[in-house]
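Q: Using the UniProt record's numbering, the letters of the sequence shown map in sequence onto residues 1 to 550. Note that the Cβ used here is the ideal one computed from N, Cα and C, for glycine as well.
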Amino acid sequence: MNSHEEAIIAVKNKELTKALLCYGKSIFLEPNNSDWYKARAEIFFLLGDVKSAVSNYKKAISLNEENKEWRERLSELLDAQSLVFYRERQYSAAIICLTNALEYVIDEKLNFHRAVNYVSLGDVSKAMSDLEYCNTAKCIPFNFILRGQVHLSLKFDLIAAKSDVEMASREHSQNDSVKKFIKQYHLAIQEKRRHGDELMSQGNYKEAIDVFSLIIQLYPNDTQSYLQRSICKRGLSAYAAAIQDLYSVINLSGGTDQEAEKLIGMTFYDIAEGYCSAHHDELAIKHLTQAIKWLKIPQFYIKRGDCFHNLKKHEKSLKDYRRARKLGGDDDDVSKMRLAMLHNEWGKLLFEQQEYEKSEQEFTKAIQIYHKNPKLSKARFQTKQFVGALEDTAVAYMFDPKNDEVINTLSQYSPKLLQDRNDLIIVLKRVGISDKDIREALDGGNKESLDFTQVQSTSKAYEKQQLPIISRSHSAVPSIRDQKSKVENHRSGSAMGTTNTRSSYMFHDQHKIKKRVDEKRFDEKQLRDQLNMIRSLKIEKPNKHVNSKK
1 MNSHEEAIIA VKNKELTKAL LCYGKSIFLE PNNSDWYKAR AEIFFLLGDV
51 KSAVSNYKKA ISLNEENKEW RERLSELLDA QSLVFYRERQ YSAAIICLTN
101 ALEYVIDEKL NFHRAVNYVS LGDVSKAMSD LEYCNTAKCI PFNFILRGQV
151 HLSLKFDLIA AKSDVEMASR EHSQNDSVKK FIKQYHLAIQ EKRRHGDELM
201 SQGNYKEAID VFSLIIQLYP NDTQSYLQRS ICKRGLSAYA AAIQDLYSVI
251 NLSGGTDQEA EKLIGMTFYD IAEGYCSAHH DELAIKHLTQ AIKWLKIPQF
301 YIKRGDCFHN LKKHEKSLKD YRRARKLGGD DDDVSKMRLA MLHNEWGKLL
351 FEQQEYEKSE QEFTKAIQIY HKNPKLSKAR FQTKQFVGAL EDTAVAYMFD
401 PKNDEVINTL SQYSPKLLQD RNDLIIVLKR VGISDKDIRE ALDGGNKESL
451 DFTQVQSTSK AYEKQQLPII SRSHSAVPSI RDQKSKVENH RSGSAMGTTN
501 TRSSYMFHDQ HKIKKRVDEK RFDEKQLRDQ LNMIRSLKIE KPNKHVNSKK
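1) So Tyr301 and Arg323 are supposed to be a Cβ contact under 8 angstroms. How far apart are they, rounded?
2) What's the C-alpha gap between Tyr321 and Glu345?
3) Quick check on DSSP: helix, strand or coil for Ile8?
4) Roughly how many angstroms lie between the CA atoms of Cys22 and Asn67, to the nearest whole one?
5) Under 8 angstroms, do Tyr269 and Leu283 count as touching if we go by C-beta distance?
6) Going by DSSP, what residue range makes up the alpha helix (DSSP H) through Gln299?
7) Please classify Glu360: is it buried, with 16 or more other beta-carbons within 10 angstroms of its beta-carbon, or exposed?
8) I'd like the span of the alpha helix (DSSP H) that includes Tyr104, first residue to last.
9) When the Cα of Asn204 is compared with those of Gln224, His186, Gln228 and Asp222, which residue comes out closest?
10) Between the alpha carbons of Ala127 and Val116, how many angstroms are there, rounded?
11) By alpha-carbon positions, which one of Leu102, Ile43 and Lys296 ends up nearest to Glu72?
12) Taking buried to mean at least 16 other C-beta atoms within 10 Å of its own C-beta, is Arg87 buried or exposed?
13) Note down, in chain order, each residue of its chain lying with its Cβ closer than 6 angstroms to the Cβ of Phe212, except the 5 sequence neighbours on either side.
14) Under DSSP, the alpha helix (DSSP H) around Leu318 begins and ends at which residues?
15) Determine the extent of the alpha helix (DSSP H) in which residue 580 is found, giving its start and end residues.
16) Taking all protein chains shown into account, decide if Tyr219 is buried (16 or more other Cβ within 10 angstroms of its Cβ) or exposed.
17) Check each candidate in Tyr91, Ser129, Tyr37 and Ala278 and name the one with the smallest Cα separation from Leu74.
18) State the Cα-Cα distance for the pair Ser248 and Asn221, rounded to the nearest angstrom.
19) To the nearest whole angstrom, what separates the beta carbons of Ala80 and Val50, a pair I think is in contact under 8 angstroms?
20) Express the C-alpha separation of Asn33 and Leu63 in angstroms, rounding to a whole number.
21) Span of the alpha helix (DSSP H) holding Ser125?
22) Around the Cβ of Glu198, are there at least 16 other Cβ atoms within 10 angstroms (buried) or fewer (exposed)?
23) Determine the direct distance from the alpha carbon of Glu132 to that of Ile297, and round the result to whole angstroms.
24) Once DSSP output is grouped into helix, strand and coil, what is the label at Leu342?
25) Kindly indicate which residue of Ile215, Lys206 and Asp210 has the alpha-carbon position closest to the one of Ile189.
26) Here's the rule: buried if 16 or more other CB atoms are within 10 angstroms of the residue's CB, otherwise exposed. What is Asp404?
27) Excluding five sequence neighbours on each side, which residues of the same chain lie with their C-beta closer than 7 angstroms to the C-beta of Ile264?
28) Going by CA-CA distance only, name the one from Tyr91, Trp70, Cys307 and Leu98 that's closest to Leu78.
29) In chain order, what residues of the same chain lie with their CB nearer than 7 angstroms to the CB of residue 557, ignoring the 5 residues before and after it?
30) Which residues in the same chain have their Cβ closer than 6 angstroms to the Cβ of Phe85, if we skip the five residues on either side of it in sequence?
31) Residues in its own chain within less than 6 angstroms of Arg40 by CB, not counting five upstream and five downstream?
32) Would the beta-carbon of Thr223 fall within 8 angstroms of that of Ser253?
33) Please name the residue in Ser277, Ala60 and Lys183 whose C-alpha comes closest to that of Pro31.
34) Please state the DSSP three-state secondary structure of Ser253.
35) Any idea if Asn111 is buried or exposed, counting beta-carbon neighbours within 10 angstroms, 16 or more meaning buried?
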């Protein structure tokens with residue numbers, strides 16, 4: 001019995017060490033017999049010595065290169081050896097084994113396993129190269145899962161990853177690993193969107209546009225990405241492209257989308273703003289009209305009214321300001337200020353034409369619309385309404401105590417109102433301002449700082465003088481609490497000029513008042529009442545007298 005037969009009997013008896021000795025004797029006697037190497041390789045594998053098994057198979061194949069079965073067996077052994085290295089986290093050694101295996105047989109499973117080790121090493125580029133060979137069912141679904149994960153890691157390639165997601169979900173929708181991978185993919189999309197939002201909030205519009213464009217490429221019906229991209233394009237002044245994106249949103253939403261319509265209006269408004277800055281009011285009006293079609297807010301009507309005003313189209317301007325006020329309500333100071341501005345301008349024109357009564361009417365309208373207006377007193381002086389002029393100035397001072405024109409008038413004609421708070425309070429109460437509003441305007445709402453008891457007794461004496469009641473209504477004067485936050489924002493507005501001017505020309509000395517009696521604007525009783533009023537308040541003459549016509 002030869003050594004080969006002894007080895008077979010030893011294997012049957014599970015005497016593997018004896019079998020190795022027998023095959024070693026056979027190889028010594030016949031060193032070029034490939035069968036002995038192949039047989040000894042299997043004994044080594046049974047003993048768990050994969051490395052020695054691989055070495056013997058390599059020798060066998062070198063002696064018999066045409067044996068396809070041996071080559072496949074060697075690749076399996078090398079694959080098994082790579083698994084041992086992978087579990088020991090020796091990824092480089094595992095890659096060497098798999099690379100050797102691929103020299104003997106073409107098997108995409110080996111490419112897949114090598115890709116896993118490349119991913120573990122962080123070399124996603126080489127991993128992707130291996131995964132490109134994995135296209136048949138042998139590696140599905142795990143091939144697509146791994147390849148998709150590599151795509152997510154490799155430059156965040158969501159487009160390539162989407163293809164693997166779709167393939168895996170189509171063929172293996174119930175596979176738990178596939179479900180987990182699909183969830184991972186959607187989380188990556190959300191992270192990408194958050195990154196785009198962050199770029200947009202930082203003003204990096206170009207980069208943000210790239211992000212939202214990618215998401216739109218992945219999901220062409222994603223209206224939110226169109227909206228975000230339009231905002232970025234608008235930020236770059238690419239208005240036409242922004243509007244095109246917003247039209248896409250409306251089309252995808254079935255013909256209506258409130259957010260998109262609002263943004264279209266705002267985009268047209270931005271275009272109009274540019275034309276306004278360049279003093280192209282006609283073009284600005286055209287785009288503002290488009291903006292109003294999509295979004296009707298006071299701001300748009302005010303801006304268009306301003307353009308009409310610049311073009312001297314006052315009727316259209318007035319119409320837009322009124323629409324703005326109607327939309328904005330009583331709290332819209334801007335539209336009220338614009339309306340008051342028009343009446344103020346008309347009043348000034350009439351004043352210059354010496355149409356004082358008509359001028360006063362326009363200034364009064366300005367005050368009724370927007371009460372913080374110090375110019376109405378000019379016309380009231382010319383029409384001899386002295387008490388009204390004083391009261392207008394006091395109200396103007398109450399709302400804007402830092403206004404130079406108001407302080408000037410009071411310091412010249414009635415400095416006592418500046419010096420004695422009680423006198424000022426009397427006048428304000430006469431007008432109809434509440435105690436609470438006076439307290440809040442003068443002392444920030446401090447209940448203890450103002451004592452109204454003394455004022456009440458003085459006020460009664462004031463009332464007994466039977467001074468003329470002002471004709472205009474003060475019901476339009478809003479609460480200080482409602483207006484306090486808006487006073488500072490509008491102190492420099494063009495409509496602020498009405499209340500004080502009405503009084504600044506009002507206070508002639510008593511002799512000049514008497515000279516105007518022959519104009520028959522007031523009867524004797526009215527004149528006496530006016531003079532008594534002036535004496536009681538100790539109004540002083542200005543340094544420079546205002547000349548009046550005889």
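A: Once the coordinates are examined:
1) Going by Cβ atoms, the distance from Tyr301 to Arg323 rounds to 5 angstroms, so yes, they are a contact pair.
2) In a straight line, the C-alpha of Tyr321 is about 15 angstroms away from that of Glu345.
3) If DSSP states are grouped into helix, strand and coil, Ile8 belongs with the helices.
4) Their Cα atoms are separated by approximately 24 angstroms.
5) Against a cut-off of 8 angstroms, the Cβ pair of Leu283 and Tyr269 comes out as no contact.
6) First-last of the alpha helix (DSSP H) with Gln299: Pro298 to Asn310.
7) By the neighbour-count rule (16 or more Cβ atoms within 10 Å), Glu360 is buried.
8) Here the alpha helix (DSSP H) through Tyr104 covers Tyr91 to Tyr104.
9) Out of Gln224, His186, Gln228 and Asp222, Gln228 has the C-alpha closest to the C-alpha of Asn204.
10) A direct Cα-Cα distance of roughly 7 angstroms separates Ala127 from Val116.
11) Selected option, being the one with the closest Cα: Leu102.
12) When all chains shown are included, Arg87 counts as exposed.
13) Within the same chain, Phe212 has close Cβ partners Gly196, Ser225, Gln228 and Arg229.
14) Residues His314 to Gly328.
15) Residue 580 falls outside the range modelled here, since the chain spans only 1 to 550, and no answer is possible.
16) Exposed, by the Cβ-count rule.
17) Nearest option by C-alpha distance: Tyr37.
18) Annotation: Ser248 to Asn221 spans about 9 angstroms, alpha carbon to alpha carbon.
19) 6 angstroms between Cβ atoms; contact.
20) Cα to Cα, Leu63 sits roughly 8 angstroms from Asn33.
21) The continuous alpha helix (DSSP H) containing Ser125 extends over residues Val124 to Leu131.
22) The residue in question, Glu198, is exposed, as its Cβ has fewer than 16 Cβ neighbours within 10 Å.
23) CA-CA distance, Ile297 to Glu132, rounds to 57 angstroms.
24) Leu342 falls in the helix class under three-state DSSP.
25) Comparing Cα-Cα distances from Ile189 to each of Ile215, Lys206 and Asp210, the minimum goes to Ile215.
26) It counts as exposed.
27) In chain order, Ile243, Leu246 and Trp294 place their CB closer than 7 angstroms to the CB of Ile264, counting only its own chain and leaving out the 5 sequence neighbours on each side.
28) The residue with the shortest Cα to Cα distance from Leu78 is Leu98.
29) Residue 557 lies beyond the stretch modelled for the chain, which goes from 1 to 550, so this question has no answer here.
30) Excluding the 5 residues flanking it on each side, Phe85 has same chain C-beta neighbours closer than 6 angstroms at Ala93 and Ala94, in chain order.
31) Within the same chain, Arg40 has close Cβ partners Tyr23 and Asn56.
32) In terms of Cβ geometry, Thr223 and Ser253 form a close pair [threshold 8 angstroms].
33) Of the candidates Ser277, Ala60 and Lys183, the residue whose Cα lies closest to the Cα of Pro31 is Ala60.
34) Correct three-state label for Ser253: coil.
35) Counting Cβ neighbours within 10 Å, Asn111 comes out buried, since at least 16 surround it.
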